[in-house]
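Right under this line is the structure:
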C-alpha cells in the first residue's frame with residue numbers, strides 16, 4: 001500500500017482505459033448516487049439563495065465520485081467522522097435526503113433536529129458521528145473513537161474525512177502519531193480539492209503530495225484519482241482492510257470542487273484555465289461516459305435516473321419546507337448527553353441575573 005517516490009497516481013488513466021473494478025449493477029448504483037448528490041447540492045444552493053438555508057453551506061459539487069466510493073467501501077457498522085462538507089456523505093451513508101435537507105433548513109425533522117444546520121449533521125443509526133465546523137476538529141475525536149474500538153476489541157473501523165487544509169494543523173500530526181503508536185483501526189482520508197479556501201495546496205504545504213506525510217509515522221498511504229469512483233472504491237477497500245487488521249493508514253483522494261469554498265464564495269482566485277480544467281474533469285459526466293462506453297448506460301436509462309433523482313430531490317425540499325421550526329425552548333435540550341448541574345440555559349440577550357435581584361443575595 002505505501003507509494004514509493006515518483007509512483008504514478010492510482011486511477012489516473014483515461015475513463016475508458018482501466019478494466020472495470022465493479023460489475024454493472026454496483027457501478028450503476030454508484031452513478032445514480034452521484035447524480036442524486038449532484039442534484040441535491042444544486043437544490044441546496046438554490047435554497048440558500050432563497051434564504052431558506054441559514055449559516056454556512058459547503059457543497060460536494062465535483063467531489064461526488066470520492067463521496068460515493070468511500071461510503072460504498074464502508075460496512076454499515078463502521079464509523080464516519082467528517083468535516084463541514086458532508087451532505088453527500090450523509091446521503092450516501094443511507095440517510096434520507098429529506099432529513100438532510102430539513103437540517104439545512106433548520107427544521108425539527110432534520111438529522112440534528114434543526115439545531116445543527118449544514119455543517120453539523122449527526123446520525124447515530126448510520127454511525128455518522130458528525131460534521132465539524134472547526135478545521136480538523138474531527139480528527140482527535142475520530143482517533144479517540146478508534147481507541148475505544150481497540151479497547152473493546154471490536155471489529156469496526158473509523159473513517160475520518162478532512163480537507164487538504166486540515167493536514168497543516170497540529171491535531172493532524174498528533175492524531176496520526178498516536179494512531180500509529182497504538183495500531184488503531186482508522187483510515188484518515190484527505191479529500192484534496194486543491195484549495196484550502198482560496199489558497200492552493202502548493203502555496204500552503206511544503207509537501208503538496210499529502211499522502212507522503214504518513215511516512216513520518218511509518219503509516220501505509222496512497223494517493224488516488226478522486227474523480228474515478230472505481231479507483232477510489234478499490235483504494236478504500238484496501239485501506240479499510242488494512243485498518244481492520246490493526247494498522248492505521250492515510251488515503252488521499254484528489255478531487256477538485258466545481259464551485260467556491262462555500263455557496264457565497266465566487267472563487268475569484270481561480271483563473272479561467274483552472275475553472276475550465278475542473279469542468280472538463282467533471283466526475284459525473286466522466287463516469288457516465290465510461291458507463292456508456294461499456295454499454296451499461298444508455299439514453300433511456302440515463303433519462304430515467306435523472307427523472308427519479310429529480311423527484312427525490314424535489315420531495316426532499318418539500319419535506320424540509322413543511323417541517324416545523326424548532327421551539328426556542330429546546331435549544332439546550334441536547335447540549336449534554338446526561339444532565340449537568342448548574343448548566344446555563346440563558347438565551348442570548350437575557351440578563352445573567354433576574355431583573356431586580358441583588359448581586360449579594362439569592363434571587
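Numbering (UniProt numbering), first residue to last: 1 to 363. Where a beta carbon is used, it is the ideal one built from N, C-alpha and C, also for glycine.
Taking all protein chains shown into account, do 16 or more other C-beta atoms lie within 10 angstroms of the C-beta of residue i, making it buried, or fewer, making it exposed?
i, result
"residue 343", "exposed"
"residue 247", "buried"
"residue 185", "buried"
"residue 67", "buried"
"residue 17", "Reliability fails at residue 17, whose pLDDT of 48 lies under 50, so the model's placement of it is uncertain and the value that follows must be treated cautiously. Per the 10 Å Cβ criterion, exposed."
"residue 363", "Summary for residue 363: the model assigns pLDDT 48, below 50, so the residue's position carries little reliability, and this model does not support an answer."
"residue 87", "buried"
"residue 33", "buried"
"residue 151", "exposed"
"residue 307", "exposed"
"residue 207", "exposed"
"residue 347", "exposed"
"residue 143", "buried"
"residue 264", "exposed"
"residue 340", "exposed"
"residue 145", "buried"
"residue 69", "buried"
"residue 138", "buried"
"residue 238", "buried"
"residue 38", "buried"
"residue 255", "buried"
"residue 130", "buried"
"residue 233", "buried"
"residue 253", "buried"
"residue 352", "exposed"
"residue 336", "exposed"
"residue 290", "buried"
"residue 282", "buried"
"residue 99", "buried"
"residue 295", "exposed"
"residue 97", "buried"
"residue 388", "A query on residue 388 cannot be resolved here, the shown segment of the chain reaching from 1 to 363 and no further."
"residue 195", "buried"
"residue 280", "exposed"
"residue 303", "exposed"
"residue 285", "exposed"
From the DSSP output, read off the bridge partner residues of residue i.
i, result
"residue 81", "160"
"residue 132", "83"
"residue 225", "254"
"residue 192", "254"
"residue 200", "195"
"residue 186", "158"
"residue 153", "Note: residue 153 sits in no beta bridge, so no partner."
"residue 123", "128"
Return the chain-ordered list of same chain residues with a C-beta closer than 7 angstroms to the C-beta of residue i, the five sequence neighbours on each side being excluded.
i, result
"residue 235", "10, 222, 224, 251"
"residue 50", "none"
"residue 53", "44, 47, 104, 105, 118"
"residue 243", "157, 185, 186, 187, 249"
"residue 172", "136, 139, 166"
"residue 368", "No statement about residue 368 is possible, as the shown extent of the chain runs from 1 to 363 and does not include it."
"residue 287", "31, 34, 65, 229"
"residue 322", "none"
Kindly give me the distance between the Cβ atoms of residue i and residue j, rounded to whole angstroms, as I take these residues to be in contact under 8 angstroms.
i, j, result
"residue 217", "residue 176", "5 angstroms"
"residue 189", "residue 159", "6 angstroms"
"residue 30", "residue 229", "5 angstroms"
"residue 65", "residue 227", "5 angstroms"
"residue 163", "residue 193", "7 angstroms"
"residue 257", "residue 63", "6 angstroms"
"residue 84", "residue 56", "7 angstroms"
"residue 115", "residue 326", "6 angstroms"
"residue 198", "residue 261", "7 angstroms"
What does a CB cutoff of less than 6 angstroms around residue i pick up in its chain, not counting 5 residues either side in sequence?
i, result
"residue 93", "71, 126, 128"
"residue 345", "332"
"residue 149", "156, 185"
"residue 75", "none"
"residue 20", "none"
"residue 365", "Residue 365 cannot be examined here, being either before or after the span of the chain that is shown, 1 to 363."
"residue 58", "84, 85, 262"
Can you list, in chain order, the residues of its chain with a C-beta nearer than 8 angstroms to that of residue i? Leave out the 5 residues immediately preceding and following it.
i, result
"residue 95", "111, 121, 123, 126, 128"
"residue 167", "190, 205, 210, 213"
"residue 412", "Nothing in the structure corresponds to residue 412, since the chain is present only between 1 and 363."
"residue 78", "127, 156, 157, 158, 159, 240"
"residue 367", "Because residue 367 is not part of the residues shown, which for the chain are 1 to 363, the question remains open."
"residue 180", "217, 218, 219, 248"
Verify the CB distance criterion: does residue i have a CB-CB separation below 8 angstroms to chain C?
i, result
"residue 164", "As a matter of chain content, chain C is missing from the structure shown, which is built from one protein chain."
Are there any heavy atoms of the ligand MN lying less than 7 angstroms away from the beta-carbon of residue i, as far as the coordinates show?
i, result
"residue 345", "Absent from the structure shown: the ligand MN. Ligands present: none."
**Runs of alpha helix (DSSP H) wholly within the segment 245-333 (minimum 4 residues, chain order)** = 272-280, 283-294, 299-322
**Message:** To test your reading of the DSSP string, which unbroken alpha helix (DSSP H) runs of 4 or more residues are found completely within the segment 41-102?
**Reply:** Listed in chain order, the complete alpha helix (DSSP H) runs (minimum 4 residues) inside the segment 41-102 are 64-73, 87-92.
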